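Peer 1:
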Amino acid sequence: MKKYYLFLIILPVALACEEAIDVELPTSDSRLVVDALIGYNENNDDPITIGQVKLTLTAPFLAEQVPVPENASVQIIDNTSGEIFELVEQEPGIFIDGFPNLEFNKSYNLRIVYNDEIYIATEELVRTGTLISVEQGDGFLFDEQIETEVKVNFSDIVNERNYYLFSFGFDNYLVTDDEFYQDSNLNFSYYYENVDPGDLISVTLLGIDKEFADYVDQTLSQSGDGGGGPFSTVPATVRGNIMNVSDPENIAFGYFSISEFDIAVLTVE
Amino acid sequence: MPNNFNALLIVLLLFSSSIYSQQRYTISGTISEAASNETMIGVTIAITELRTGTTTNEYGFYSLTLPQGEYELVVSYLGYGDIKQTLVLNADKKFNFKMIEEAEALDEIILTEDIERVDIRKPQMSVNALKVQTIKKIPVVLGEADVIKSLLLLPGVTSAGEASSGFNVRGGAADQNLILLDEAIIFNSSHLFGFFSVFNPDAIKDIKLFKGGIPARYGGRVSSVLEIFQREGNSKETKVTGGIGAVASRLLIEGPITKDKTAFLAGGRASYAHLFLPLFDVNNKAYFYDVNTKISHKINDNNSIFLSGYFGRDLFSINDSFVNVYGNAVGNFRWNHLFSDKLFSNLSLIYSDYFYGLELDFVGFEWDSGIQNFNFKYDLKHYINDGLQINYGLNNIYYVFNPGKIKPNRDDSGIIEDQLTKKYANEAAAYIDVEQKITDNLSVNYGLRASMFNRLGQDELFVYENNQPVLFDPFQLIYREATPIDTINPGRGTNLSTFTNLEPRVSMAYTINDKNSIKASYTRLAQYLHLLSNTSSPTPLDVWAPSGPFIEPQLLDQYALGYFRNINDGEYSLEMEGFYKDIQNRIDYIDGADLIANDAIEQVILNGEARAYGLEFLLRKNEGRFQGWLAYTLSKSEQRTPGRDPVVDNGRSNLESGINFGEWYNTPYDKTHDIALYGNYELNDRWSFNSNFIFQTGQPTNYPVGQFEFQGLVVPFFGLRNQTRLPNYHRLDIAATFQPKKNKNRNFQSEWIFSIYNVYNRMNAASINFRQNQDTGRNEAIRTSIFGVVPSLTYNFKF
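Note that the protein sequences, when read in sequence, are chains A and B.
Counting along the first sequence from 1, when you hit position 212 you're at 212 in this note's numbering, and nothing is skipped either side.
With the second sequence counted from 1, adding 269 to any position gets you this note's numbering.
#1: Residues of chain B with CB closer than 7 Å to the CB of residue 218 of chain A, please, in chain order.
#2: State the Cα-Cα distance for the pair residue 217 of chain A and residue 175 of chain A, rounded to the nearest angstrom.
#3: Got a sec, what are the start and stop residues for the alpha helix (DSSP H) residue 288 of chain A sits in?
#4: Return the chain-ordered list of same chain residues with a C-beta closer than 6 Å to the C-beta of residue 929 of chain B, the five sequence neighbours on each side being excluded.
#5: For the stretch 744 to 759 of chain B, which residues have a CB atom closer than 9 Å to at least one CB atom of chain A, in sequence order?
#6: Buried or exposed: which applies to residue 102 of chain A, given that a residue is buried once 16 or more other Cβ atoms fall within 10 Å of its Cβ?
#7: State the beta-bridge partners of residue 896 of chain B as determined by DSSP.
#8: Do you know whose CA, among B/1001, B/522, B/662, B/671, lies nearest residue 1029 of chain B's CA?
#9: With distances taken between CB atoms, is the gap from residue 638 of chain B to residue 671 of chain B smaller than 7 Å?
#10: In chain order, what residues of the stretch 472 to 505 of chain B put their CB closer than 7 Å to some CB of chain A?
#11: Rounded to a whole number of angstroms, what is the C-alpha to C-alpha distance between residue 571 of chain B and residue 801 of chain B?
#12: Of all Cβ atoms in chain A, is any one closer than 7 Å to the Cβ of residue 1060 of chain B?
#13: Going by the beta-carbon positions, is the gap between residue 114 of chain A and residue 67 of chain A smaller than 7 Å?
#14: Just to confirm before moving on: does the CB-CB distance between residue 62 of chain A and residue 1048 of chain B stay below 7 Å?
#15: Pairing CB atoms from the stretch 833 to 840 of chain B with CB atoms from the stretch 884 to 893 of chain B, are three or more of them under 8 Å?
#16: Using the rule of at least 16 other Cβ atoms within 10 Å of the residue's Cβ for burial, across every protein chain shown, is residue 358 of chain B buried or exposed?
#17: In whole angstroms, what separates the C-alpha of residue 665 of chain B from that of residue 618 of chain B?
#18: With 7 Å as the C-beta to C-beta threshold (strictly closer), list the residues of the stretch 968 to 980 of chain B near chain A in chain order.
#19: For residue 106 of chain A and residue 35 of chain A, what's the separation of their Cα atoms in angstroms?
#20: For residue 28 of chain A, which of helix, strand or coil comes out of DSSP?
#21: If contacts are defined as beta-carbon pairs under 8 Å, then residue 903 of chain B and residue 912 of chain B qualify, I think. What distance do you get, rounded to the angstrom?
#22: So residue 59 of chain A contacts chain B; which residues on that side make the cut at Cβ distance below 7 Å?
#23: Tell me whether residue 65 of chain A is buried or exposed, calling it buried when 16 or more other Cβ atoms sit within 10 Å of its Cβ.
#24: Using a threshold of 7 Å, state whether the C-beta atoms of residue 306 of chain B and residue 505 of chain B are closer than that.
#25: Give a yes or no on whether the C-beta atoms belonging to residue 829 of chain B and residue 790 of chain B are separated by under 7 Å.
#26: Beta-carbon within less than 6 Å of residue 90 of chain A's beta-carbon, same chain only, minus the 5 sequence neighbours each way: which residues are those?
#27: With DSSP as the reference, please indicate the residues paired to residue 198 of chain A in a beta bridge.
#28: So with CB distances below 7 Å, who are the chain B contacts of residue 136 of chain A?
#29: Residues of chain A with a CB under 9 Å from the CB of residue 415 of chain B: which are they?
#30: In chain A, which residues lie less than 9 Å from residue 1105 of chain B when you measure between Cβ atoms?
#31: Buried or exposed: where does residue 557 of chain B fall if 16 or more other Cβ atoms within 10 Å of its Cβ makes it buried?
#32: For the stretch 393 to 478 of chain B, list the alpha helix (DSSP H) runs that are entirely contained and at least 4 residues long, ordered along the chain.
#33: Are the C-beta of residue 178 of chain A and some C-beta of chain B separated by less than 7 Å?
#34: Which of the three DSSP states is assigned to residue 480 of chain B in this structure?
#35: Quick check on the burial criterion: 16 or more other C-beta atoms within 10 angstroms. Buried or exposed for residue 827 of chain B?
#36: Ordered along the chain, which non-local residues of its own chain (more than five positions away) have a Cβ less than 6 Å from that of residue 1032 of chain B?
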């Protein structure tokens, strides 16, 4: 829902003049950031688990890069069996290998040790809906020249309240919930900008829980997706599910989420 | 407190009746404009010998009860010739005066009486009054005369900037303003997201903004009352007024249906549909229109009826796949009845409706939301003698809130029709308000309003564990939405919550001498409706929510003290006021609260408090070719939301952090300094010049203290709320009005208004946003400014 209202904000701002300016910004202590989105797909009874745990540190807003923490260790713990899976750091701050085969209705801990402090997040695998079709259309919203319509049709999981995260690639995301299309198929159009014939577009549908849905919504609106202007929401610090059990005051940012996903690929014509 | 107050009331009433001794008679009547029969508000009727007098009420009626005798009566109003009449008062008498507008020639006008000027003897304080003539002269962006933008030039009133809906009075929020158009409540005062206000100046007779010392006849909003009366229409001859501007054009027709008895007025205003066209391509529309209508009928000397309506809509459409419509609709019927020459009554039946609709074809749904209310008001004004007037009345408002209804807009849409739970409430009030002159130097207004708000049953109501819809997470130190443990279905007939409040109001004026007076006031007000808005400035899609099981009514206590002085025989006047106000139960939102289409708003709000205090200063020059004012306000507006009492959860006591760690923080409308300078110079009978300059401290905002990365997104994060400010806001506007010479001695009158808004092209920041530049990948601070320098031309006519 929320996304669509953003068009309202565009109108007055379109009249306005935007300019990059120099401002002096306050700063804060550096904190750990955890970006851990793990996907699972049954893949015709050959289940795959993909994703990564990416660790970074916060930086002043105008800094060009965010630093990577050194000497951190990352584990996934199967809380049912107590089994510990040590993840391997492939590149600085990036842990890709060593994930267990995920199962539904089991809780998993992400455990990170950094700077002698322990950070923990606990999640379960969340089911997703089914992508029925992803097709190119010929509609547009604002500008026929730069927009490419992609029509998405997917079916909701029946008999329960669900939240979904669409990843359209190119850092484009959409969060939706089934409040207004419970147990039904939803058709909607998504408009890509500046894609060319021959480009490969992948649309990923992830099942997420309400907490993560709120988190992504807030992250999107704080990261400038909201367009700004006097009608943008009051900025707020987006807090995830990573808990510093050694020193709760030294908060960490980011999120640990494990989702079933469905994916469809389309070549732009 | 209320009991003592009642006792005081009784004592004062007894005191006043004991001075009855001499034989007294009443003169009363209606004062109207000779040319149009339009009744006039605020006309002064003065009795020279007794140094007393009165002014006409909102319906042009006056009544004065005086000891038997012979007096000279002077009826006066700015721009109209004084009427002097010798009165032999030996029986009750009726005088209906007709005021004649003075000749247009400037040399003949000696501007001496001015409704905008403060009456230093009246207890009423904290009022900003503006004449429609002044509003029409104030330079505004794109040349469209604007009621609300004009009010911003007076002390104590600010707004978030150009493209922002609503206005803030004495550090209050925009939803704390009661906006009344012909006694009907208007819920959204802006067109085009705040570029223009919804009031057509041609159709307006009188505007008053009460910032404090609010009389007991008003209630329901804690910050201010903006009362606007529409004109009744000319019952003598048909007249047309109109204007052509850069953004919108106006046309208003008025005239008699039955001469001297029945008049109509119909006015329309519309913007040009291509307003935003250059920005996108041809299939886009963005426009607004509004229609004001009124029929007034004088049945006889004691009875008049009025039917009036307002309908306004804004429409945006992009390529037919996105359509957005919103606006107010108001209809009302009023009946003025004179029970006697001392007792005036007005009965109002009002329907008002605010609608917000959206159609999104690319997702396949339609969305309708809004608020409807049915308002019954009965007000009596009892003019007992020249030193005592008692106003009393009843008011009942029934509300239906529709937070949203969604339905599919085409067959292949997957959207299922759904209605977010409608909410119902009733607000009832009774009041008594006494205006009393105790001695020649001391006048008092005191009153009491008793209000009762019932939140009525609805289809679905969530139930929470420990009755707590918001939970505190003691590990993450943040607030989270609770999950309802049950949903109940209380029927419409049940009563979910009842709130009652006694709202005493007192104001007094002590006149030191002809030049100086001191005024003081205390006001308590209750507000039962809350605008759910988590943005810097309200948006049309913000939803109103009634008080109820999880939302307490806002309660205001305001104290104001003022010093008023007429300088140089009234050529200048000086008003100085200090105020302090305190609001209980101001709701605040937990971090990241999403208010749009939220069916369980209680899960994202916490109860807090607000306070504001400040000093206002207004120096006016009231006479001569050059008139104008300097307004300065120094103020502070803050709010805080401390943690709730610790709850024991699993044997562990959770000490809550509150919002901002429970510390006071600036509201988004805290403007430390607010300076406005306005001047109007009449050069000759053809040219006049106007200018205004505004300076405001930048509004509080949030700059990020750092960034982090998540899934390729750059996410800024923030420290405590509202610690930083936007750059200061200032601008200068100028305008020139030209009246062609041929206007003289002919029926068709016209004028040209040339204006330049923001003369020195100041790029005032409407907001500063922080984001990643898509091309360079670097983070940037982006300043959004709405208008640079804007010249415009408006043509007005009248025949």
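Even for Gly, the Cβ is constructed at its ideal location relative to N, Cα and C.
Keep in mind the model is a prediction, meaning the values are calculated, not measured.
Peer 2: Quick answer:
#1: 861
#2: 6 Å
#3: Outside the shown range of chain A (1 to 269) lies residue 288 of chain A, about which nothing can therefore be said.
#4: 989, 990
#5: 744, 745, 746, 747, 749, 750, 752
#6: buried
#7: B/949
#8: B/1001
#9: yes
#10: none
#11: 44 Å
#12: no
#13: no
#14: yes
#15: yes
#16: buried
#17: 10 Å
#18: 971, 972, 973, 974, 975, 976, 977, 978, 979, 980
#19: 21 Å
#20: coil
#21: Contact doesn't hold; Cβ gap of about 32 Å is too wide.
#22: 975, 976
#23: exposed
#24: yes
#25: yes
#26: 96
#27: DSSP output for residue 198 of chain A lists no bridge partner at all.
#28: By Cβ distance, chain B contributes nothing, its closest Cβ being about 14 Å from residue 136 of chain A, past 7 Å.
#29: None at all; the shortest Cβ gap to chain A is about 16 Å.
#30: The structure shown does not extend to residue 1105 of chain B, since chain B is modelled only from 270 to 1068, so the question has no answer here.
#31: buried
#32: 401 to 406, 416 to 420
#33: no
#34: coil
#35: buried
#36: 1054
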